[in-house]
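For what it's worth, the numbering used here labels the leading residue of the sequence shown as 582, then goes sequentially.
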Amino acid sequence: MRRKNEMDMCSGSIFTKMLIFTIPLMLSSMLQLLFNAADIVVVGNFAGDESLGAVGSTGSLINLLTNLFIGLSVGVNFLVARYYGSGQKENLKNTVQTAVIMSVILGGFVMVFGFFASPFILEKMQLEGEILRLASIYLRIYFIGMPAVMVYNFTSAILRAVGDTKRPLYYMIISGFVNILLNLLFVIVLHMGVAGVALATVISQTISAVLTLLCLISNKDTIHFDIHDLHIDKSCLIKMLKIGLPAGLQSTLFSFSNVLIQSSVNSFSDVVIEGNATAINIEGFVYVAMNAFHQAALSFVSQNIGAGKKERINKITIIALLLVSSTGLFLGSTVVYFSRELLSLYTSNPDIIAAGTVRIGIICSIYFLCGIMDVMVGSLRGMGYSTMPAIVSLLGACVFRIVWLSTLFQIDKWHSIQTIYYSYPISWILTFSVHMICYIIVKRKYDRSFIR
582 MRRKNEMDMC SGSIFTKMLI FTIPLMLSSM LQLLFNAADI VVVGNFAGDE SLGAVGSTGS
642 LINLLTNLFI GLSVGVNFLV ARYYGSGQKE NLKNTVQTAV IMSVILGGFV MVFGFFASPF
702 ILEKMQLEGE ILRLASIYLR IYFIGMPAVM VYNFTSAILR AVGDTKRPLY YMIISGFVNI
762 LLNLLFVIVL HMGVAGVALA TVISQTISAV LTLLCLISNK DTIHFDIHDL HIDKSCLIKM
822 LKIGLPAGLQ STLFSFSNVL IQSSVNSFSD VVIEGNATAI NIEGFVYVAM NAFHQAALSF
882 VSQNIGAGKK ERINKITIIA LLLVSSTGLF LGSTVVYFSR ELLSLYTSNP DIIAAGTVRI
942 GIICSIYFLC GIMDVMVGSL RGMGYSTMPA IVSLLGACVF RIVWLSTLFQ IDKWHSIQTI
1002 YYSYPISWIL TFSVHMICYI IVKRKYDRSF IR
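And the structure:
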């Protein structure tokens, strides 16, 4: 029997249920970014431009050091959805136990590594002077909270897999408001600067992790986490890694290419660096809204395959593509139109605002291309194929961007910040095209040899 917060993705209207699934997830992700943006807003207005640049320039490095392990939560989502759809309760129980324990172990590893390695890596990213010092302080405190980040990502992946996207939204609202209040206290009242922002983030992330974990503990049926039965199921772990590890590697490689891009951006003036960092924060709202459909495609396809309903896979993918395109075009155009007003929320410096509008104008106007690329990846992973999209993304986006920076960007007349930004949309087009071909091939193969 399904609980009230869970969703049967294997029957009824796909369009309606996908909206019910994605809207809370979209709001949750956007609220998380909104609360994170509060870090930048508070720092930019009350701690100075150097603190703003320090916090903003750490995003690509944080993603690089965490995406490999957070990507494993994709494997958790896939496996829970598959077992939930097929009604395999014992395997579902073992998956939940294994996922939660692994999140704690991986979080501890990233915490230690990130704490000691981040200053060295920041230097290699060409940060220097006061920005380097402040960024090192921010990152070291941030990585102390990494176990909580991992627990939240893994436990929320379990909830998404069974269609529960509302409770993570409620938990995000609670922890987000705590984050804002602590930002104001630590930065404005106690004058802690970037250290205060980082500490507020750690505390709020811990709250969201505890709430989602308690949610699983209180669930006495399908996705119950039993604190008295701590164990790692080898079979479940291997299956998680089969899907999650390529997904994590893909995310890490994307982040690596973004670190290289950030390093190239860092070769320009502080104004360009700060404008780029601020624009990235605004773009993030569009991205996470679109990414909700990637997660929907993954969960819906996996549940339906678990239930033996392969005929719904194409419908799921098409509807997800239509919805993500509409969302990306609407939000992206809105951000472009109001770019100066949005950037002015982060900083009052007109030069930084002008630098930020350059990036937003190039990226957000066609950001939907990134969304449709991710939906294709979600459908492929939902069918159990994770290595293929990882390789395609490696070649179509990461390698392409590295070659772009090593060749065209090095030519004097093309050595501009605009040239760096143009590498994004071109890589999205290339990668989506190949993902579409892979999807057609996999779907035909799946139809011929479908085994529940």
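Backbone N, C-alpha and C fix where the C-beta goes; we use that ideal spot for every residue, glycine too.
Since the structure is predicted, the reported quantities are computational estimates derived from the model, not experimental observations.
Quick check on the burial criterion: 16 or more other C-beta atoms within 10 angstroms. Buried or exposed for Ile804?
It is buried - the Cβ of Ile804 has at least 16 other Cβ atoms within 10 Å.
How many angstroms separate the CA atom of Arg1033 from the CA atom of Gly668?
Note that Arg1033 scores a pLDDT of 43, beneath 50, so its modelled location is shaky; the value from the coordinates is reported in the next line. The straight-line gap from Cα to Cα measures roughly 12 Å.
Since Tyr932 and Val852 are thought to touch, with beta carbons under 8 Å apart, how far apart are those beta carbons, to the nearest angstrom?
Note that residue 932 corresponds to Asp in the displayed sequence, not to Tyr. By a beta-carbon distance limit of 8 Å, Asp932 contacts Val852. Their separation comes to about 5 Å.
Taking Cβ to Cβ, would you say Ser684 is nearer than 8 Å to Phe735?
Yes, the pair counts as a contact, with Cβ atoms nearer than the cut-off.
Going by C-alpha to C-alpha distance, which of Val768, Ala662, Ile651, Leu1011 sits closest to Thr833?
When only C-alpha atoms are compared, the closest one is Ile651.
Member of Ala776, His812, Pro827 whose CA lies at the smallest distance from the CA of Val624
From the listed residues Ala776, His812, Pro827, the smallest Cα separation to Val624 is found for Ala776.
Count the other CB atoms, across all protein chains shown, that sit within 10 Å of the CB of Gly963; report buried if there are 16 or more and exposed otherwise.
If you draw a 10 Å sphere on the C-beta of Gly963, you find 16 or more other C-beta atoms in it, and that means buried.
How many Å lie between Met599 and Ala742 at the Cα?
Rounded to the nearest angstrom, the two C-alpha atoms are 13 Å apart.
Just to confirm the assignment: which complete alpha helix (DSSP H) runs, minimum length 4, are found wholly within the segment 842 to 867?
Note on the segment 842 to 867: there is no whole alpha helix (DSSP H) run with a minimum of 4 residues.
Secondary structure at Val770, three-state DSSP: helix, strand or coil?
Correct three-state label for Val770: helix.
Find out if the Cβ-Cβ distance for the pair Cys979, Ser838 is shorter than 8 Å.
With a cutoff of 8 Å on beta-carbon distance, Cys979 and Ser838 are scored as near each other.
Can you tell me whether Asp814 is buried or exposed? The criterion is at least 16 other CB atoms within 10 Å of its CB, across all chains shown.
Result: buried.
Quick check on Gln678: does DSSP put it in helix, strand or coil?
Annotated three-state conformation of Gln678 is helix, per DSSP.
So the alpha helix (DSSP H) Val657 belongs to, where does it begin and stop?
Unbroken alpha helix (DSSP H) run through Val657: 653 to 667.
In the structure shown, what three-state DSSP assignment does Thr898 receive?
For Thr898, the three-state secondary structure derived from DSSP is helix.
Verify whether the separation of the beta carbon atoms of Thr679 and Val661 is less than 8 Å.
Cβ distance not < 8 Å, so Thr679 and Val661 don't count as in contact.
C-alpha gap between Leu687 and Ala729, whole angstroms:
So the two alpha carbons sit approximately 10 Å from each other.
Where does His812 land, buried or exposed, given buried means 16+ other C-beta within 10 angstroms?
Exposed.
Is the beta carbon of Ser960 closer than 8 Å to that of Thr898?
Taking 8 Å as the cut-off, the Cβ atoms of Thr898 and Ser960 count as close.
Kindly indicate the opening and closing residues of the alpha helix (DSSP H) around Ala888.
In this chain, Ala888 is not harboured by any alpha helix (DSSP H), its DSSP state being neither H nor E.
Thinking just about the alpha-carbon of each residue, which of Arg663, Leu904, Arg982, Arg940 is nearest to the one in Ser1004?
The option with the nearest alpha carbon to Ser1004 is Arg982.
Find the nearest neighbour of Ile944 within the set Thr1000, Cys817, Glu922, judged by alpha-carbon distance.
Comparing Cα-Cα distances from Ile944 to each of Thr1000, Cys817, Glu922, the minimum goes to Thr1000.
Would you kindly report the start and end of the unbroken alpha helix (DSSP H) that includes Glu711?
First-last of the alpha helix (DSSP H) with Glu711: 710 to 725.
Arg982 - containing alpha helix (DSSP H), residue span
First-last of the alpha helix (DSSP H) with Arg982: 981 to 987.
Touch check for the segment 989 to 998 and the segment 910 to 926: three-plus C-beta pairs under 8 Å?
Between the segment 989 to 998 and the segment 910 to 926, the count of Cβ pairs shorter than 8 Å is below three; the stretches do not touch.
Top-ranked residue by Cα proximity to Val778, from Lys823, Leu740, Gly757, Gln876:
Sorting Lys823, Leu740, Gly757, Gln876 by C-alpha distance to the C-alpha of Val778 places Gly757 at the top.
Per-residue DSSP class, three states only, for Tyr927
In this structure, Tyr927 counts as coil in the three-state DSSP scheme.
Do the segment 866 to 882 and the segment 899 to 906 make contact, defined as three or more Cβ pairs closer than 8 Å?
Enough Cβ pairs lie closer than 8 Å, so yes.
If I measure Cβ to Cβ from Leu673 and keep anything under 8 Å in the same chain, skipping five residues before and after, which residues do I get?
Leaving aside the five residues that flank Leu673 on each side, the residues in its chain whose CB is nearer than 8 Å to its CB run, in chain order, Val661, Tyr664, Tyr665, Thr803, Ile804.
With H, G and I counted as helix, E and B as strand and the rest as coil, what does DSSP make of Met590?
Met590 falls in the coil class under three-state DSSP.
Please state the DSSP three-state secondary structure of Ile1032.
Low per-residue confidence applies at Ile1032: pLDDT is 45, beneath 50, and the placement is therefore not dependable enough to give any value.
What do you get for Ser592, buried or exposed, if any count of 16 or more other CB atoms within 10 angstroms of its CB means buried?
Within 10 angstroms of the beta-carbon of Ser592 lie fewer than 16 other beta-carbons, which makes it exposed.
Buried versus exposed call for Met582 [16 or more other C-beta atoms within 10 Å across all chains shown]
In this prediction, Met582 has a pLDDT of 45, which is less than 50 and means its spatial position is unreliable; nothing more can be read from the coordinates.
For Val563, collect the residues of the same chain with a Cβ closer than 8 Å to its Cβ; drop the 5 residues on either side in sequence, then sort them by chain order.
Nothing about residue 563 can be reported from this structure: the residues present for the chain run from 582 to 1033 only.
What residue from Leu926, Thr928, Phe881, Leu1011 has the CA that sits closest to Phe596's CA?
Comparing Cα-Cα distances from Phe596 to each of Leu926, Thr928, Phe881, Leu1011, the minimum goes to Phe881.
Can you look up Tyr966 in the DSSP assignment and give me helix, strand or coil?
Three-state result, Tyr966: coil.
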